[in-house]
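A.B. asks: In this text, residue positions in the sequence shown follow my numbering: the first is 7, and each later residue adds one. Idealized CB from N, CA, C, for every residue including glycine. Questions regarding the structure given below will be posed in turn.
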Amino acid sequence: MASGRPVLLHRDKELEVVDEVLAGLREGRPAVLVIQGTRGVGKTRLLHAALARRPGGVVLSARGHADERGFAFGIVRQLFDPMMSGSGRAEPGAPAAVLDGGVRAPALTAAYDGNAPAVPATLLDDLYRATRSLTAGQPLVIAVDDLNHADPQSAQWCSYIARRLDGLPIVMILTCDVEDRSAGDAVRDILALPYARSLRPSALCRRCAATLMESALGAPVDDEIVAACHRLTKGNPLLLLETAGRLAAADVLPHRSELPRVMRIGATALSETVLEWLGARYPSLLALLQSLAIIAPYAGLETAAMLAGYGAVAAEEAGHALAGAGLLEGSPPQRFTHDLVQSTILARMDPRTRDDMHRRAASLLHRLGSPPKRSARHLLSASPTGDPWAVSVLREAAREAVSENAWEDATRYLHRALATAKDHAVLQVTAELGAVEAHLDIPACLRHFRTVTALADDAGERADFLAPFASALLTLNSPEAAATFCDIARGFDDDSSGGPPDREVLLRLGAQALLTGQSYGSRAAMRQLNAEPGAATSAGAQEYLASAALSGAARGRHLDRTLTLARRCLDGGGPIPPTLVMALVWAGRVDEAAYWSEQVASEARARASMTGQALAVTLLSDIAYRRGELRASLAHARDAVHFARGSQASGLHVAAVSCMARVLLERDELDVAHALFDEVTAREPVHPLLQAALLEIQGRVAVARGDVREGLPALLEAGRQLLSAGVVNPACAGWRGQAALAYLRLGQRGPAHRLAEEELELARAWGAPDGIGRALSTASTTVEGTRRLDLLVEALSVLDGPGGIERIRAMVRLGIALRATGDTRRAHDTLSEAYDLADGCGAVRLAALAERNLATIGSRARGGQAEGPSPLTAGERRVTDLVLRGMSNLQVATELSISKRTVDTHLARIYRKLGIHTRAELAEVIRRLGERPAETRPRPGPGSSPGSGQEERRGREEWHGQEA
Numbered sequence: 007m008a009s010g011r012p013v014l015l016h017r018d019k020e021l022e023v024v025d026e027v028l029a030g031l032r033e034g035r036p037a038v039l040v041i042q043g044t045r046g047v048g049k050t051r052l053l054h055a056a057l058a059r060r061p062g063g064v065v066l067s068a069r070g071h072a073d074e075r076g077f078a079f080g081i082v083r084q085l086f087d088p089m090m091s092g093s094g095r096a097e098p099g100a101p102a103a104v105l106d107g108g109v110r111a112p113a114l115t116a117a118y119d120g121n122a123p124a125v126p127a128t129l130l131d132d133l134y135r136a137t138r139s140l141t142a143g144q145p146l147v148i149a150v151d152d153l154n155h156a157d158p159q160s161a162q163w164c165s166y167i168a169r170r171l172d173g174l175p176i177v178m179i180l181t182c183d184v185e186d187r188s189a190g191d192a193v194r195d196i197l198a199l200p201y202a203r204s205l206r207p208s209a210l211c212r213r214c215a216a217t218l219m220e221s222a223l224g225a226p227v228d229d230e231i232v233a234a235c236h237r238l239t240k241g242n243p244l245l246l247l248e249t250a251g252r253l254a255a256a257d258v259l260p261h262r263s264e265l266p267r268v269m270r271i272g273a274t275a276l277s278e279t280v281l282e283w284l285g286a287r288y289p290s291l292l293a294l295l296q297s298l299a300i301i302a303p304y305a306g307l308e309t310a311a312m313l314a315g316y317g318a319v320a321a322e323e324a325g326h327a328l329a330g331a332g333l334l335e336g337s338p339p340q341r342f343t344h345d346l347v348q349s350t351i352l353a354r355m356d357p358r359t360r361d362d363m364h365r366r367a368a369s370l371l372h373r374l375g376s377p378p379k380r381s382a383r384h385l386l387s388a389s390p391t392g393d394p395w396a397v398s399v400l401r402e403a404a405r406e407a408v409s410e411n412a413w414e415d416a417t418r419y420l421h422r423a424l425a426t427a428k429d430h431a432v433l434q435v436t437a438e439l440g441a442v443e444a445h446l447d448i449p450a451c452l453r454h455f456r457t458v459t460a461l462a463d464d465a466g467e468r469a470d471f472l473a474p475f476a477s478a479l480l481t482l483n484s485p486e487a488a489a490t491f492c493d494i495a496r497g498f499d500d501d502s503s504g505g506p507p508d509r510e511v512l513l514r515l516g517a518q519a520l521l522t523g524q525s526y527g528s529r530a531a532m533r534q535l536n537a538e539p540g541a542a543t544s545a546g547a548q549e550y551l552a553s554a555a556l557s558g559a560a561r562g563r564h565l566d567r568t569l570t571l572a573r574r575c576l577d578g579g580g581p582i583p584p585t586l587v588m589a590l591v592w593a594g595r596v597d598e599a600a601y602w603s604e605q606v607a608s609e610a611r612a613r614a615s616m617t618g619q620a621l622a623v624t625l626l627s628d629i630a631y632r633r634g635e636l637r638a639s640l641a642h643a644r645d646a647v648h649f650a651r652g653s654q655a656s657g658l659h660v661a662a663v664s665c666m667a668r669v670l671l672e673r674d675e676l677d678v679a680h681a682l683f684d685e686v687t688a689r690e691p692v693h694p695l696l697q698a699a700l701l702e703i704q705g706r707v708a709v710a711r712g713d714v715r716e717g718l719p720a721l722l723e724a725g726r727q728l729l730s731a732g733v734v735n736p737a738c739a740g741w742r743g744q745a746a747l748a749y750l751r752l753g754q755r756g757p758a759h760r761l762a763e764e765e766l767e768l769a770r771a772w773g774a775p776d777g778i779g780r781a782l783s784t785a786s787t788t789v790e791g792t793r794r795l796d797l798l799v800e801a802l803s804v805l806d807g808p809g810g811i812e813r814i815r816a817m818v819r820l821g822i823a824l825r826a827t828g829d830t831r832r833a834h835d836t837l838s839e840a841y842d843l844a845d846g847c848g849a850v851r852l853a854a855l856a857e858r859n860l861a862t863i864g865s866r867a868r869g870g871q872a873e874g875p876s877p878l879t880a881g882e883r884r885v886t887d888l889v890l891r892g893m894s895n896l897q898v899a900t901e902l903s904i905s906k907r908t909v910d911t912h913l914a915r916i917y918r919k920l921g922i923h924t925r926a927e928l929a930e931v932i933r934r935l936g937e938r939p940a941e942t943r944p945r946p947g948p949g950s951s952p953g954s955g956q957e958e959r960r961g962r963e964e965w966h967g968q969e970a
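Now the structure itself:
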């Protein structure tokens with residue numbers, strides 16, 4: 007804290023002028039010194055410094071105050087009353103000259119009527135003679151602080167005396183605020199005198215500001231703190247001292263680490279101090295400042311003046327005054343120097359006044375044609391009124407926000423509109439709000455969906471007001487909404503009473519019916535699309551065409567028609583519906599789907615739609631998986647989970663978890679995959695397609711973990727749900743093939759063969775190459791001998807491409823089949839290539855299966871660790887190698903681009919397989935395995951005969967037991 011009064015800083019030039027004037031006083035020369043400046047710049051301090059340097063003599067001092075402007079001769083009384091008693095007698099110690107002056111304080115009142123337009127000349131002359139009498143034998147200093155607050159009579163007296171100082175040893179020192187023009191005429195008259203001097207103290211420089219703050223705080227102040235405070239206060243000494251005092255009171259150390267707190271405290275000090283000045287001296291200026299605080303930063307001083315009832319000229323002058331006070335900046339002054347200035351002004355306003363000003367600001371901006379969101383901002387800050395125009399403005403603002411993808415802003419506007427709306431407007435606003443929240447909060451969207459459904463009076467109104475909800479974002483997440491869409495679309499077919507519904511309403515609701523496996527409204531929708539050539543370019547038309555293509559793909563018939571619908575949708579030229587990407591994937595156009603999925607994802611990112619991004623990134627994950635890009639698929643699936651959680655989209659959360667678990671299964675992270683299911687188990691129902699996808703991967707993981715009797719029912723239930731929803735096509739889901747593999751694990755070849763054959767028949771009927779190839783590959787596991795080889799060779803010919811996951815799987819199966827027939831050379835080549843592809847894309851289970859089968863024919867995969875059988879999979883051996891190099895689990899995870907939890911799981915499984923508990927034991931076991939004699943590891947080379955029957959049986963068991 008300060009140890010004393012701060013020294014006078016940055017006033018050397020001013021003090022030189024003071025000394026020059028006082029030196030003339032010693033020689034009997036008169037002078038008038040006028041000190042002008044803004045409030046707080048140090049005028050009074052300079053006045054006191056001048057009085058302290060005077061050469062003796064008599065000092066008459068007074069100080070003006072705004073409350074005493076109506077008190078006639080208030081300043082004059084302050085000057086002379088200390089010399090006189092209340093009865094007119096001289097007080098003890100008064101100079102003899104005072105007694106001779108003949109002027110008594112009561113005589114001022116007796117000689118002048120305060121209501122008279124001018125002071126009588128005789129009274130002014132009497133006062134002049136009294137003043138002159140005080141200079142007998144000694145100089146006189148008359149000091150008046152804040153002359154701008156002087157009453158008119160005292161100001162007239164000052165001017166009268168100043169003009170009559172010739173030959174008298176009198177110095178008048180006057181201070182006035184340059185922003186207050188009350189004494190403007192008197193000051194101008196005085197400064198016109200030849201012996202008048204003007205001083206205008208400037209703001210403190212940065213170095214002097216540092217000295218002042220250090221003196222006030224009693225401690226060194228960091229340069230950044232000084233710079234911030236100097237910039238905020240514009241070097242005003244009083245504001246600097248106020249800021250320093252508040253910093254000390256808050257125990258804020260003047261270090262750069264405290265800069266944010268210093269700025270907050272400094273801005274608050276500036277605001278509150280200047281507002282106190284303005285409130286006391288310029289109430290009208292304060293009203294303008296409050297208006298600006300209400301409408302800033304989206305409107306300037308001109309609009310604030312309209313709100314406050316100011317004219318343009320007055321607003322301009324006020325702006326410069328506020329800039330001088332340090333509250334506004336810019337040219338012309340339009341903005342606050344700091345956000346806290348605005349918030350402080352608003353906080354000091356009466357709540358009812360602030361509420362009324364926000365409402366008036368909204369109305370003013372609306373009439374001026376400002377963007378709706380600017381008026382809406384004020385309506386949000388005011389209490390609801392029920393005005394119809396306010397509801398209209400808020401809805402317009404919401405539509406504007408939607409066009410800018412500002413979903414949260416749109417939600418706020420519509421929430422307020424809903425609180426204000428009455429009668430039929432409630433239904434309209436609720437529908438618009440629900441459509442917006444579909445992008446952010448699916449449960450909230452559903453609540454508004456139910457409200458609209460309950461409030462709508464008839465079927466036509468329900469259709470009109472539920473159409474904004476109709477999108478895949480809601481249908482895939484809510485069977486309830488999907489069923490309602492179907493009911494409305496069914497009404498389009500049944501209604502024979504009148505004309506058709508609005509085309510967009512028909513198309514949007516018909517599209518959702520198709521997504522549920524129903525064709526309600528489809529005939530009417532296609533008639534609408536075919537009747538008008540340009541009808542297919544609307545958003546509803548593209549949504550319908552994409553859904554129609556997807557529905558056709560789900561049924562597994564007429565591939566050409568599905569592709570025709572897809573092409574027609576693409577020709578519309580608008581944003582690509584995500585459902586179109588799904589249709590292209592099921593149609594076997596994976597590369598084309600990959601291209602359009604990037605467009606869908608880009609559009610969802612640009613729109614900042616949480617739910618839209620969840621769906622788009624799930625599609626990216628699915629496509630990356632099918633192409634064998636497992637690392638990318640896993641990354642996309644994790645992102646999809648994040649977005650689905652953010653919007654509480656339960657259906658898309660299920661889809662994202664299914665995609666993630668599918669990749670983890672291929673990576674042999676079975677425990678991690680199984681743990682994922684806890685996130686989505688026992689939740690509300692979702693779309694049958696998504697629920698079936700979850701059941702399928704749950705069944706696959708259970709089978710891979712050895713829980714075949716748990717996994718098989720899950721796979722069959724997935725099929726049941728899909729069939730009940732009309733999804734027949736095996737390109738949509740491979741539950742038949744996976745159930746066939748589970749039946750094989752149970753030794754039930756009959757059911758396995760029937761399911762595999764059914765899948766192959768359906769795939770051929772559909773005609774998509776990847777579906778046929780997958781079905782051929784799966785069917786091969788249910789047969790033996792050359793039939794198996796024929797199916798796998800055909801599968802590879804159909805699965806044309808370098809690294810798709812199903813192609814790699816078929817290659818591994820072909821290699822195993824070739825080994826079983828004794829064609830070890832071709833088996834070696836096929837398995838080696840399959841291993842390289844699987845290892846390269848991160849398909850650990852397939853790589854391990856290929857590597858184990860290579861080992862049985864005496865070969866090793868390129869990059870393998872040892873010849874012969876190994877208890878560890880390829881993924882486990884990679885982890886082992888890095889651990890034995892001394893890496894921590896976290897470092898191993900970073901090196902392999904997997905999670906630490908996955909590394910922990912791998913190590914636990916490695917320890918369990920090897921019967922060890924520590925890393926030291928691991929190193930010893932791996933060393934012994936490396937030293938095992940060659941004769942203990944059978945190693946027939948390519949072209950040699952197969953092993954014994956026992957080894958063949960073990961290999962067949964391994965094939966059936968470890969198939970991924």
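Can you give me the start and stop residues for the alpha helix (DSSP H) that SER653 sits inside?
C.D. replies: Start and end: 636-653.
A.B. asks: Go through the segment 442-507 residue by residue and report every complete run of the beta strand (DSSP E) that reaches 3 residues or more, in order.
C.D. replies: Counting only runs of 3 or more, we get nothing.
A.B. asks: Can you tell which of HIS430, ARG934, SER208 has the C-alpha that lies nearest to the C-alpha of GLY241?
C.D. replies: GLY241 has its Cα closest to that of SER208, out of HIS430, ARG934, SER208.
A.B. asks: Out of GLY846, GLY753, VAL511, HIS693, which has the shortest C-alpha to C-alpha gap to VAL714?
C.D. replies: If we check each option's Cα against that of VAL714, GLY753 comes out closest.
A.B. asks: Please confirm whether VAL511 and ALA487 have their CB atoms less than 7 Å apart.
C.D. replies: Contact flag unset, no.
A.B. asks: Could you give the distance in angstroms between the alpha-carbon of ASP172 and the alpha-carbon of ARG32?
C.D. replies: In a straight line, the C-alpha of ASP172 is about 15 Å away from that of ARG32.
A.B. asks: Which of the three DSSP states, helix, strand or coil, is assigned to SER553?
C.D. replies: It is helical.
A.B. asks: Name the one or two DSSP bridge partners that LEU852 has.
C.D. replies: According to DSSP, LEU852 bridges with nothing at all.
A.B. asks: Would you mind reading off the limits of the alpha helix (DSSP H) that contains ALA368?
C.D. replies: ALA368 -> alpha helix (DSSP H) spans 357-373.
A.B. asks: Would the segment 550-558 and the segment 581-593 be scored as touching if the rule is three or more Cβ pairs under 8 Å?
C.D. replies: Judged by Cβ distances under 8 Å, the segment 550-558 makes contact with the segment 581-593, as three or more pairs qualify.
A.B. asks: With three or more C-beta pairs closer than 8 Å as the rule, is the segment 808-825 touching the segment 776-794?
C.D. replies: Touching, yes.
A.B. asks: Using beta-carbon positions only, say whether SER603 and VAL587 come within less than 7 Å of one another.
C.D. replies: For SER603 and VAL587, yes; Cβs fall inside 7 Å.
A.B. asks: Can you check DSSP and say which residues form a bridge with ASP151?
C.D. replies: ASP151 is bridged to ARG69.
A.B. asks: Would TRP395 be called buried (16 or more neighbouring beta carbons within 10 Å of its own) or exposed?
C.D. replies: With fewer than 16 other Cβ atoms within 10 Å, it is exposed.
A.B. asks: Determine the closest residue to LEU972 out of GLY657, ALA737, LEU695, LEU718, with distance taken between C-alpha atoms.
C.D. replies: A query on residue 972 cannot be resolved here, the shown segment of the chain reaching from 7 to 970 and no further.
A.B. asks: On a Cα-Cα basis, can you pick out the residue from ILE81, GLY63, VAL65 that is closest to HIS71?
C.D. replies: If we check each option's Cα against that of HIS71, ILE81 comes out closest.
A.B. asks: State buried or exposed for GLU675, treating a residue as buried only when at least 16 other CB atoms are found within 10 Å of its CB.
C.D. replies: Result: buried.
A.B. asks: Would THR274 be called buried (16 or more neighbouring beta carbons within 10 Å of its own) or exposed?
C.D. replies: Its Cβ being crowded by 16 or more others within 10 Å, THR274 is buried.
A.B. asks: In or out: GLU690 buried (at least 16 other Cβ within 10 Å) or exposed?
C.D. replies: With fewer than 16 other Cβ atoms within 10 Å, it is exposed.
A.B. asks: Output the distance between the C-alpha atoms of LEU15 and ALA215, rounded to the nearest integer angstrom.
C.D. replies: Distance between the alpha carbons of LEU15 and ALA215 is about 9 Å.
A.B. asks: Provide the residue span of the beta strand (DSSP E) that contains VAL709, from first to last.
C.D. replies: Unbroken run through VAL709 is the alpha helix (DSSP H), 694-710; no beta strand (DSSP E).
A.B. asks: Which residue comes first and which comes last in the alpha helix (DSSP H) that contains LEU140?
C.D. replies: From DSSP, LEU140 is part of no alpha helix (DSSP H); its letter is neither H nor E.
A.B. asks: Tell me which same chain residues have a C-beta within less than 8 Å of the C-beta of GLU901, skipping the five on either side of it?
C.D. replies: For GLU901, where only same-chain residues beyond five positions count, the Cβ hits under 8 Å are LEU888, MET893.
A.B. asks: Going by DSSP, what residue range makes up the beta strand (DSSP E) through GLY779?
C.D. replies: Per DSSP, GLY779 belongs to no beta strand (DSSP E); it is in the alpha helix (DSSP H), 775-786.
A.B. asks: Between ARG169 and the rest of its own chain, which residues show a CB-CB distance below 7 Å, the 5 nearest in sequence each way excluded?
C.D. replies: Excluding sequence neighbours, ARG169 sits near LEU199.
A.B. asks: Give the straight-line distance between the Cα atoms of ALA256 and GLU264, rounded to the nearest whole angstrom.
C.D. replies: Their backbone Cα atoms lie some 12 Å apart in a straight line.
A.B. asks: Thinking C-alpha only, which one of ASN411, ILE148, LEU146, ASP151 is nearest GLU609?
C.D. replies: Of the listed residues, the one whose Cα sits closest to GLU609 is ASN411.
A.B. asks: Does the beta-carbon distance from ARG237 to GLN42 come in below 7 Å?
C.D. replies: No, the Cβ-Cβ distance between ARG237 and GLN42 is not below 7 Å.
A.B. asks: Run the CB neighbour count on LYS379, radius 10 Å, all protein chains shown included, and call it buried at 16 or more, exposed below.
C.D. replies: The residue in question, LYS379, is buried, as its Cβ has 16 or more Cβ neighbours within 10 Å.
A.B. asks: State the DSSP-derived secondary structure class of PRO36, mapped to helix, strand or coil.
C.D. replies: In this structure, PRO36 counts as coil in the three-state DSSP scheme.
A.B. asks: Name the two residues that bound the continuous alpha helix (DSSP H) containing ILE904.
C.D. replies: Counting along the chain, ILE904 falls outside any alpha helix (DSSP H), and DSSP gives it neither H nor E.
A.B. asks: Name, in chain order, the residues that DSSP records as bridge partners for CYS182.
C.D. replies: Looking at the DSSP assignment, CYS182 forms a beta bridge with GLN42.
A.B. asks: For the segment 144-159 against the segment 175-183, are there 3 or more C-beta pairs whose distance is under 8 Å?
C.D. replies: A contact exists between the segment 144-159 and the segment 175-183.
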